[in-house]
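To keep things clear, I will list the structure first and then write my remarks on it.
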Amino acid sequence: MISKFIDWIFSPSKKPIIEDHIDLYTKLIELENRIESLEQENIETTNSIYEIANSLEARIDILASEPYNLDKLTTD
1484 MISKFIDWIF SPSKKPIIED HIDLYTKLIE LENRIESLEQ ENIETTNSIY EIANSLEARI
1544 DILASEPYNL DKLTTD
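Its first residue numbered 1484, the sequence shown is counted upward by one per residue in the working numbering.
In structure tokens:
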């Protein structure tokens, strides 16, 4: 019984890695195109993050440069 289990564990899978009707070269081209699109999306996302960070820094600088009106604050 244990030998059957060990044989079952180490037996090859019946499902092929790549289906017969898909050419390996076609799959490679598809993956390369996907990589290019993901790289472009990554660049766009990074640029958007930099724009947001710069905008926030500018707003913080504006708020930090305004004088505080401490007499308007109350300790209710």
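We put the beta carbon where it would ideally sit given N, CA and C, even for glycine.
- Between residue 1545 and residue 1530, the alpha-carbon positions lie close to 23 Å from each other.
- Boundaries of the alpha helix (DSSP H) harbouring residue 1490: 1485-1493, taken from the DSSP string.
- Membership of residue 1544 in the alpha helix (DSSP H) is indicated by the continuous run 1507-1548.
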